[in-house]
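S.K.:
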Amino acid sequence: MIDLEQFSRDHWGPLRRHTYRLTGSIVDAEDAVQETMLRAVEMGPALDSVGDPVEWLHVAATEAALALLHEQPSLSLETLELPDLVQTAGPGAGALAGEEGWPGVDLPFLFPLQYTEPEQRAVAVLRDAMEDGDRLAAAALSATLPEVFQLAEAAGRRRAEVRRRWGRHVPFSPLQDDPASARVFARFTEALGLRDKALLQAALLPEAEMVMNAGRRESGQDFVATACADTLGELGADPRLTPVWLNGCRGLLAWERHPHRDEWRRGAALLVLCEGSHVRTVKWEMDGHILRSIQAEEPDK
């Protein structure tokens with residue numbers, strides 16, 4: 566008989582990664598995994614007869630994630646949105662220590678999926694993650710294999726549309742740790758730390774974009790520079806910035822001094838997407854749940 570407690574410990578991490586790739590949301594991913602584990606508990610001894618438990622879990626988790634995706638409105642192609650930020654080991658979205666072997670969370674893969682229909686997204690993710698992804702997608706969607714192939718083709722066409730619209734602002738191929746991007750990132754980090762709007766404007770693409778929590782968006786280097794300087798200023802007189810990798814791209818963790826204790830606390834995370842000699846897109850993340858998951862040493866006092 567399967568030890569359900571050990572079963573949960575063994576599979577929670579991989580399923581959380583899988584459902585995050587499906588939803589782009591940390592909270593939705595955790596909800597989907599909880600629903601999946603509840604189904605496993607309800608099955609009890611019958612879980613022994615499912616064949617491959619890993620495949621069964623991925624199908625069940627996909628079904629749970631699809632239910633959440635269907636509750637949300639479709640994302641318009643004219644709306645720039647980025648998934649919740651997840652820390653990675655470096656460019657190309659290598660996993661952090663202890664997470665090796667699980668599917669990647671790189672932005673070039675995840676970003677266009679946000680604009681696909683839920684069923685198309687499920688097919689794309691299962692195909693990428695599992696050896697027999699088409700068969701598992703058919704099971705999760707109650708579809709035939711020809712229908713799965715049609716969904717995959719539709720997802721590919723949608724990806725091409727998204728690339729034509731947002732390819733200037735978001736990478737569509739794995740990033741490399743190239744010297745040019747490192748220099749641009751360093752310029753932007755210095756300008757942001759100084760909260761110098763002129764230097765920030767110089768580091769930004771003229772048609773730069775910025776997205777934040779609660780649907781806020783700024784467009785154009787002037788507006789983005791002002792918003793970045795003002796947002797960092799909200800963290801106090803002397804915030805600190807620590808470079809990190811987020812979804813395989815360069816980013817920053819911003820620290821602020823605790824108002825009542827002599828210690829640093831996490832105030833924001835930034836995804837900084839560079840192209841050539843300029844930064845093209847910035848995402849600010851303020852959600853404490855996400856910030857606490859980022860591994861980084863506190864700044865010196």
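Residues in the sequence shown are numbered consecutively from 566, following my numbering.
Glycine included, every Cβ here is placed at the ideal spot set by N, Cα and C.
Note that the structure is predicted; figures quoted are calculated from it, not measured.
1. Starting from the C-beta of residue 704, find all residues in its chain whose C-beta is less than 6 Å away, skip the five residues before and the five after it, and write them out in chain order.
2. Looking at residue 588 and residue 630, is the spacing between their C-beta atoms short of 8 Å?
3. Buried or exposed: where does residue 802 fall if 16 or more other Cβ atoms within 10 Å of its Cβ makes it buried?
4. Specify the secondary structure class of residue 531 as computed by DSSP and reduced to three states.
5. Give the range of the beta strand (DSSP E) segment to which residue 834 is assigned.
6. Excluding five sequence neighbours on each side, which residues of the same chain lie with their C-beta closer than 7 Å to the C-beta of residue 673?
7. If you pair each beta-carbon of the segment 799–818 with each one of the segment 639–646, do three or more pairs fall below 8 Å?
8. Please report the straight-line C-alpha distance between residue 687 and residue 598, rounded to a whole angstrom.
9. Would you say residue 765 and residue 793 are within 8 Å of each other, going by their C-beta atoms?
10. Using alpha carbons as the reference points, say which of 813, 814, 689 and 861 lies closest to residue 832.
11. Could you give the C-beta distance for residue 650 and residue 757, rounded to a whole number, given that I count them as a contact under 8 Å?
12. Give the secondary structure of residue 637 by DSSP, where H, G and I count as helix, E and B as strand, and everything else as coil.
13. With a cut-off of 8 Å on the beta carbons, I'd call residue 655 and residue 742 a contact; round off their distance for me.
14. On the criterion of 16 or more Cβ atoms from any shown chain inside 10 Å, does residue 684 qualify as buried, or is it exposed?
15. Helix, strand or coil for residue 715 per DSSP?
16. Going by the beta-carbon positions, is the gap between residue 774 and residue 782 smaller than 8 Å?
17. Between which two residues does the alpha helix (DSSP H) holding residue 784 run?
18. Does the Cβ of residue 574 have 16 or more other Cβ atoms within 10 Å, making it buried, or fewer, making it exposed?
19. Use the C-beta contact count for residue 606: other C-beta atoms within 10 angstroms, 16 or more gives buried, fewer gives exposed.
20. Need the endpoints of the beta strand (DSSP E) that residue 644 sits in, please.
21. Could you pull out every residue in the same chain whose Cβ sits closer than 8 Å to the Cβ of residue 761, ignoring the five residues on either side in sequence?
22. Excluding the 5 residues preceding and the 5 following residue 524 in the sequence, name in chain order all residues of the same chain whose CB lies nearer than 7 Å to its CB.
23. Do you know offhand how far residue 732's Cα is from residue 845's?
24. Starting from residue 744, trace the alpha helix (DSSP H) both ways and give me its first and last residue.
25. Can you tell me whether DSSP reads residue 799 as helix, strand or coil?
26. Along the alpha helix (DSSP H) that carries residue 690, what are the first and last residues, could you check?
27. Answer yes or no: do residue 815 and residue 839 have a C-beta to C-beta separation smaller than 8 Å?
M.R.: Reading off the structure:
1. 624
2. yes
3. Looking at its Cβ environment, which holds fewer than 16 other Cβ atoms inside 10 Å, residue 802 is exposed.
4. The shown model of the chain, from 566 to 866, leaves out residue 531, and the question about it has no answer.
5. 829–840
6. Closer than 7 Å at the Cβ level, and outside the excluded window around residue 673, lie 736, 737, 738 and 739.
7. No, the segment 799–818 is not in contact with the segment 639–646.
8. 15 Å
9. Yes, Cβ-Cβ distance for residue 765 and residue 793 is below 8 Å.
10. 861
11. Incorrect: roughly 17 Å between the Cβ atoms, too far for contact.
12. coil
13. 7 Å
14. buried
15. Correct three-state label for residue 715: helix.
16. yes
17. It is not in any alpha helix (DSSP H) - residue 784 instead sits in the beta strand (DSSP E) that spans 782–784.
18. exposed
19. Exposed is the call here.
20. Where residue 644 is concerned, there is no enclosing beta strand (DSSP E), given that its DSSP letter is neither H nor E.
21. Cβ within range, chain order: 794.
22. Outside the modelled stretch of the chain, which goes from 566 to 866, sits residue 524, for which no answer is possible.
23. 10 Å
24. 744–759
25. coil
26. Where residue 690 is concerned, the enclosing alpha helix (DSSP H) stretches over 683–694.
27. yes
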